[in-house]
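Here the structure comes first, spelled out in structure tokens, and everything after it is commentary.
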Amino acid sequence: MLNINGLQINVPIIQGGMAIRCSMAKLAAAVANEGGIGVIAGTALPLEELREEIRKARKLITKKGGALGVNIMFAASDFVNLVNVCIEEKVDVIICGAGFSRDIFSMVKGTGIKLFPIVSSLKLAKISEKLGADAIVVEGGNAGGHLGTDLDSWDIMEEITKNIKIPVFGAGGVITPADAERMLSLGAAGVQMGSRFVATHECAVSDEFKNMYINCKKGDIVKIMSSVGLPANAIISPFAEKLLSEEKLTPKSCTNCLKHCKRNFCVSKSLVAGHEGDLENGLFFAGKDAWKINDIVSVHEIFERFAPVFKKFFENKKLIA
Numbered sequence: 060m061l062n063i064n065g066l067q068i069n070v071p072i073i074q075g076g077m078a079i080r081c082s083m084a085k086l087a088a089a090v091a092n093e094g095g096i097g098v099i100a101g102t103a104l105p106l107e108e109l110r111e112e113i114r115k116a117r118k119l120i121t122k123k124g125g126a127l128g129v130n131i132m133f134a135a136s137d138f139v140n141l142v143n144v145c146i147e148e149k150v151d152v153i154i155c156g157a158g159f160s161r162d163i164f165s166m167v168k169g170t171g172i173k174l175f176p177i178v179s180s181l182k183l184a185k186i187s188e189k190l191g192a193d194a195i196v197v198e199g200g201n202a203g204g205h206l207g208t209d210l211d212s213w214d215i216m217e218e219i220t221k222n223i224k225i226p227v228f229g230a231g232g233v234i235t236p237a238d239a240e241r242m243l244s245l246g247a248a249g250v251q252m253g254s255r256f257v258a259t260h261e262c263a264v265s266d267e268f269k270n271m272y273i274n275c276k277k278g279d280i281v282k283i284m285s286s287v288g289l290p291a292n293a294i295i296s297p298f299a300e301k302l303l304s305e306e307k308l309t310p311k312s313c314t315n316c317l318k319h320c321k322r323n324f325c326v327s328k329s330l331v332a333g334h335e336g337d338l339e340n341g342l343f344f345a346g347k348d349a350w351k352i353n354d355i356v357s358v359h360e361i362f363e364r365f366a367p368v369f370k371k372f373f374e375n376k377k378l379i380a
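The sequence shown begins at 60 in this note's numbering and counts up one residue at a time.
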């Protein structure tokens, strides 16, 4: 069991908050019921839809030992309003990345909600700790979606864990139990996994999206430049190839979902197209090691596979103590 400033988590696995509408109530609740931190991706959701998903997840969570979180991208134009919905609905954890917000620390102060910033450098890790973060997620350039560094998680973890006192979750490259064991050996208190949870029965994406994961091969993950202004890892597809060739894909209309948008294409529409299984126009974010995934299973099965790693981890911690 991991104690995060009073929040007790049986299994220190965070299910990554994958937008848009990949990580929703059903997936988050299934993870929480297994004792992990289940996360709803709040970015780009209408406020009332996020509220509804949080309430739906609460009803589906029937076991203790886990937690419910929401991931919100700082780059989202509706960031503050989405955070306020989380505060009103009293989620357990807020995770935020794709930029860094100092304001959110004062917003959640005194609410009881735990705050986990996503960082990719020791500098931001130290700032987060100083501002009052309860834990941090260290995400490397091998993670899926938007990235804050070119360095893989394996290359940045140890420097951060050696200099930070709050719990550190390693993100990027954790697909197998062996990957989790490696991350824990670098000083992590737990792991965050996104890609592995896409290929689950509980994930809200289409079967076509899931099949992109289990059919992709090593070398099929490419780095595109998102309209957010950050690089991102995605599975090669006709749309990704257009982005790599720098073809002009200026959207005809804009929903103003981002604070700052390069308008080279609409990341929201392309992610939604991917979610719906549009293989021609969809964008399929994935971690650099998503090619290791070869089956679609239940969330319970994933936790069963990883259980021995964490059992050994906690037993070793007791021996050291």
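Backbone N, C-alpha and C define an ideal beta-carbon position, used for all residues, glycine too.
Thinking C-alpha only, which one of the options is nearest residue i?
{"i": "Lys283", "options": "Leu338, Ile73, Phe344, Lys276", "result": "In the sequence as presented, Lys is not what sits at residue 283; that position holds Ile. Closest by alpha carbon: Phe344."}
{"i": "Lys221", "options": "Val70, Glu240, Ser180", "result": "Ser180"}
{"i": "Arg117", "options": "Glu305, Lys182, Ile96, Leu141", "result": "Ile96"}
{"i": "Phe372", "options": "Glu240, Ala126, Ile153, Ile225", "result": "Glu240"}
{"i": "Ser285", "options": "Cys320, Ile63, Asn315, Ile72", "result": "Cys320"}
{"i": "Gln251", "options": "Lys123, Thr235, Lys376, Val139", "result": "Thr235"}
{"i": "Ile352", "options": "Phe159, Gly253, Ser244, Pro71", "result": "Gly253"}
{"i": "Val70", "options": "Ala91, Ala84, Lys85, Met83", "result": "Ala91"}
{"i": "Ser329", "options": "Gly346, Lys347, Leu127, Leu302", "result": "Leu302"}
{"i": "Leu317", "options": "Ile73, Leu86, Ala103", "result": "Ala103"}
{"i": "Ser160", "options": "Glu305, Val150, Ile361, Pro176", "result": "Pro176"}
{"i": "Asn292", "options": "Thr309, Asp354, Leu206", "result": "Leu206"}
{"i": "Leu338", "options": "Ser327, His359, Ile295, Glu374", "result": "Ile295"}
{"i": "Asp211", "options": "Lys307, Leu183, Lys347", "result": "Lys347"}
{"i": "Thr314", "options": "Tyr272, Ala230, Ser136", "result": "Ser136"}
{"i": "Val150", "options": "Phe362, Glu112, Gly128, Asn323", "result": "Gly128"}
{"i": "Leu289", "options": "Asn323, Asp354, Leu106, Phe138", "result": "Asn323"}
{"i": "Ile163", "options": "Lys182, Glu148, Val139", "result": "Val139"}
Where do the ends of the beta strand (DSSP E) carrying residue i lie?
{"i": "Cys155", "result": "152-156"}
{"i": "Asn130", "result": "126-132"}
{"i": "Ile79", "result": "Per DSSP, Ile79 belongs to no beta strand (DSSP E) and is neither H nor E."}
Note the first and the last residue of the continuous alpha helix (DSSP H) segment covering residue i.
{"i": "Ile186", "result": "181-190"}
{"i": "Glu218", "result": "212-220"}
{"i": "Lys115", "result": "106-119"}
{"i": "Glu267", "result": "266-274"}
{"i": "Met242", "result": "236-244"}
{"i": "Pro290", "result": "No alpha helix (DSSP H) contains Pro290, which is instead part of the beta strand (DSSP E) from 290-294."}
{"i": "Glu305", "result": "Neither: Glu305 is in no alpha helix (DSSP H) and is coded neither H nor E."}
{"i": "Gly333", "result": "326-334"}
{"i": "Ala84", "result": "84-92"}
Put residue i into one of helix, strand or coil per three-state DSSP.
{"i": "His260", "result": "coil"}
{"i": "Met60", "result": "coil"}
{"i": "Leu141", "result": "helix"}
{"i": "Lys282", "result": "strand"}
{"i": "Lys173", "result": "strand"}
{"i": "Ala380", "result": "Reliability of the predicted coordinates at Ala380 is poor, the pLDDT of 42 falling under 50, and the value obtained from them is presented with this limitation in mind. If DSSP states are grouped into helix, strand and coil, Ala380 belongs with coil."}
{"i": "Ala381", "result": "As shown, the chain starts at 60 and ends at 380. That puts residue 381 outside it, with no answer to give."}
{"i": "His319", "result": "coil"}
{"i": "Ala233", "result": "Looking at the sequence shown, residue 233 is not Ala but Val. The answer is coil: DSSP assigns Val233 none of H, G, I, E or B."}
{"i": "Phe159", "result": "coil"}
{"i": "Leu206", "result": "coil"}
{"i": "Val70", "result": "coil"}
{"i": "Met252", "result": "strand"}
{"i": "Glu360", "result": "helix"}
{"i": "Val287", "result": "coil"}
{"i": "Ala194", "result": "coil"}
{"i": "Ile96", "result": "strand"}
{"i": "Ala135", "result": "strand"}
Which whole-angstrom value is the C-beta distance of residue i and residue j, which I expect to be below 8 Å?
{"i": "Trp350", "j": "Cys275", "result": "5 Å"}
{"i": "Ile195", "j": "Ile223", "result": "7 Å"}
{"i": "Gly76", "j": "Asn143", "result": "Not a contact, Cβ separation roughly 17 Å."}
{"i": "Val331", "j": "Ile79", "result": "6 Å"}
{"i": "Ile146", "j": "Thr170", "result": "5 Å"}
{"i": "Ala248", "j": "Val227", "result": "6 Å"}
{"i": "Ile68", "j": "Asp193", "result": "That pair is no contact at about 11 Å."}
{"i": "Gln74", "j": "Ala84", "result": "Between Ala84 and Gln74 the Cβ distance is about 12 Å, and since that is not below 8 Å, they are no contact."}
Nearer than 7 Å: is that true of the beta carbon of residue i relative to any heavy atom of the ligand SAM?
{"i": "Ile154", "result": "The ligand SAM is not among the ligands present in this structure, which contains no ligands whatsoever."}
With distances taken between CB atoms, is the gap from residue i to residue j smaller than 8 Å?
{"i": "Asp238", "j": "Gly232", "result": "yes"}
{"i": "Gly336", "j": "Phe298", "result": "no"}
{"i": "Val197", "j": "Val178", "result": "yes"}
{"i": "Ala157", "j": "Ala134", "result": "yes"}
{"i": "Ile215", "j": "Gly199", "result": "yes"}
{"i": "Val257", "j": "Lys269", "result": "yes"}
{"i": "Gly191", "j": "Lys168", "result": "yes"}
{"i": "Thr259", "j": "Val356", "result": "yes"}
{"i": "Ile120", "j": "Phe365", "result": "no"}
{"i": "Ala126", "j": "Leu174", "result": "no"}
{"i": "Val358", "j": "Glu93", "result": "yes"}
{"i": "Ala202", "j": "Ala230", "result": "yes"}
{"i": "Leu141", "j": "Leu109", "result": "yes"}
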